[in-house]
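Read the structure below first, then the notes.
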Amino acid sequence: MTEEKENVDYSDNFETPEEIIDFFSLDPITLPIDKEFHIFISYKTVEPDRSIALKIDRMLRKQGFKCCLHERDFLPGDLIVNNIVQNIERSVKVVFLLSEESRASEWCQFELNVTETIHIQERGYKPIIVKLDECDLPDTMKRYTYLPAASPPEKWIGRLSKAINDQTDHLITNRRNIKFVAVPCIDYNRNKEHSIAKCRYPHVCVKYIVSDESCDGSCGKNHNLVTDQSREILVDLGFITDGNLDALLQMYRQKCKEKLAAMPNNIVTGPCCYYNKKGCLLGDSHCPFTHICKDWFEGKCGNTKCKFSHDILNDHTKKLLEIFEIDTDQEADIILNAYRAKYPHKKFIQLPTHTISKTTFLKDNWLPLFGGVLTVVGVTAFVVKKI
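Residue numbers (UniProt numbering): 1 to 387.
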């Protein structure tokens with residue numbers, strides 16, 4: 001016989017489950033060598049927030065945790081901003097006591113922003129939110145599981161201490177390391193038609209991201225890094241896109257500049273596609289591509305009034321050639337041919353013979369690359385290169 005279940009209205013009988021974590025059995029983790037505190041407690045110095053913060057501090061310290069309170073641990077005479085940043089950086093985690101008062105506090109919000117910035121920059125954990133009253137959750141906190149704390153701290157201190165000890169969400173893990181950075185899409189920035197659905201590069205203004213010269217928006221390109229198209233790409237690469245967007249933008253800019261700066265050390269780059277269209281959008285200090293006429297480089301520019309440089313030794317290009325380990329003290333044609341020989345992406349390059357012999361060119365450039373014999377046809381040779 002099946003027993004009928006009693007129809008119970010749980011809405012008026014709900015109680016918070018009892019604490020099941022034995023607080024007194026938990027020992028704090030060993031502090032990393034660069035940390036002084038297990039937690040930084042962020043709170044507004046009003047009641048009851050202050051009393052709860054002090055009680056958390058006392059209970060945790062008795063158990064061996066080291067806590068940072070601004071009332072006790074800030075350095076007198078130093079700027080408040082400096083005290084906040086330095087002490088958060090000295091703490092493993094930040095416990096944010098959320099209430100109507102702290103929600104409206106500029107200093108508390110600043111402490112939260114610093115915490116999220118450090119988290120996004122792969123240098124720390126996300127904040128632990130302890131919700132003291134029935135205040136609304138700010139949008140930036142809605143993605144976090146908070147600890148309800150309307151009852152006395154004795155009821156939930158065990159869960160809090162377990163969260164403090166938890167190390168599974170640190171950004172410095174294999175699954176969240178940012179090993180590849182997708183710079184802003186070249187085709188998008190050149191107005192070139194391509195499959196947006198298949199594009200794995202953010203559709204955002206490259207000048208806005210990379211150049212030291214600010215873009216005023218007249219470019220007509222997107223200046224919002226977190227669109228539906230770019231968000232999916234950035235998340236896949238390991239970026240955190242639902243936190244402090246200013247910190248995300250700063251980090252993405254830094255990663256893009258680092259990638260571009262490293263490029264000439266890893267591969268011989270060719271003429272800049274932006275330079276050969278309407279001018280370089282990356283800026284001389286960040287562009288890893290040579291600023292010379294692309295058609296001239298390929299040996300097919302017949303424009304005597306070409307607006308793009310035919311000077312292989314212009315300042316920007318010369319700097320890159322030296323990184324490519326090309327001797328820039330030779331004749332210009334010899335330098336150009338040496339650069340052509342090292343560049344790996346062209347099928348045909350017409351080689352001039354008025355300043356360099358076939359034997360010298362092959363000896364200095366092609367034979368070391370291919371280790372074989374190349375056939376020279378006629379006076380003006382075409383050399384076939386593998387892509």
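Glycine included, every Cβ here is placed at the ideal spot set by N, Cα and C.
Spatial neighbours of Ala182 in its own chain (CB-CB distance under 7 Å, excluding positions within 5 residues in sequence) are listed in chain order as Arg200, Tyr201, Pro202, Ile233, Leu237. With a beta-carbon spacing of about 25 Å, His286 and Val235 fall beyond the 8 Å limit used to define contacts. Fewer than three beta-carbon pairs drawn from the segment 112-126 and the segment 58-77 are found closer than 8 Å, and the two stretches are therefore not classed as touching. For Lys131, the uninterrupted beta strand (DSSP E) run begins and ends at 128-131, by DSSP. Of all C-beta pairs linking the segment 245-258 to the segment 268-280, fewer than three are shorter than 8 Å, placing the two stretches out of contact. Contact check between the segment 289-300 and the segment 212-226: fewer than three CB pairs, one atom from each, fall below 8 Å, which does not count as touching.
For His310, there is no enclosing alpha helix (DSSP H), as DSSP marks it with neither H nor E. Judged by beta-carbon spacing, Leu282 lies beyond the 8 Å limit of Val204, meaning their Cβ atoms are not closer than that value. The beta carbon of Ile29 is closer than 6 Å to those of Asn165 in its chain, skipping five residues each way along the sequence. Assignment of Ile326 by DSSP, reduced to helix, strand and coil, places it in the coil class. For the 8 Å CB-CB criterion, Leu132 and Ile21 do not form a contact.
Put simply, the backbone Cα of Thr115 is about 11 Å away from that of Arg90. For Phe40, the closest alpha carbon among the candidates Gln254, Val130, Glu47, Asp212 is that of Val130.
Ranking Pro153, Tyr43, Lys55 by CA distance to the CA of Ser105 puts Tyr43 first. If you compare the alpha carbons of Met263, Cys256, Lys307 with that of Lys278, the shortest gap goes to Lys307. Counting the other Cβ atoms within 10 Å of the Cβ of Arg61 gives fewer than 16, which makes it exposed. Restricting attention to Cys108, Ala163, Ala338, the CA atom closest to the CA of Val46 is found in Cys108. Annotated as distal: Arg253 and Thr241, with beta-carbon spacing of 8 Å or more. In this structure, DSSP gives His119 a helical state, which the three-state scheme calls helix. Leu336: not part of any beta strand (DSSP E); member of the alpha helix (DSSP H) spanning 332-342, first to last residue. For secondary structure counted as the beta strand (DSSP E) over 3 or more consecutive residues, the UniProt domain "TIR" (35-164) holds these complete runs in sequence order: 37-42, 91-98, 128-131. Annotated three-state conformation of Pro202 is coil, per DSSP. When only Cα atoms are considered, Lys66 and Ile80 end up about 21 Å apart. Residues of the same chain with a CB within less than 6 Å of the CB of Asn189, apart from the 5 flanking positions on each side, are Val206 in chain order.
Beta-bridge annotation (DSSP): Pro32 is not paired with any residue. According to the DSSP assignment, Gln229 belongs to the alpha helix (DSSP H) that extends over 228-237. With respect to Met59, Leu98 sits apart: the two C-beta atoms are not nearer than 8 Å. With distances taken between CA atoms, Phe110 lies nearest to Ile84 out of Ile84, Glu134, Glu100, Lys93. The C-alpha of Pro138 is placed about 13 Å away from the C-alpha of Glu101.
Nearest neighbour of Lys294 by Cα position, chosen from Lys305, Thr304, His310, Asn266, turns out to be His310. Counted as a single uninterrupted DSSP element, the alpha helix (DSSP H) harbouring Pro264 occupies residues 245-266. Take Cys256, set aside five residues on each side of it, and the residues of its chain with a beta-carbon closer than 7 Å to its own are Val181, Val183, Ile209, Val210, in chain order.
When C-alpha distances from Lys155 are compared across Lys55, Asp315, Asn82, the shortest belongs to Lys55. Residue burial annotation: Pro264 is buried, with at least 16 other C-beta atoms found within 10 angstroms of its C-beta.
Using a 10 angstroms sphere on the CB of Leu336, the tally of other CB atoms reaches 16 or more, which defines it as buried.
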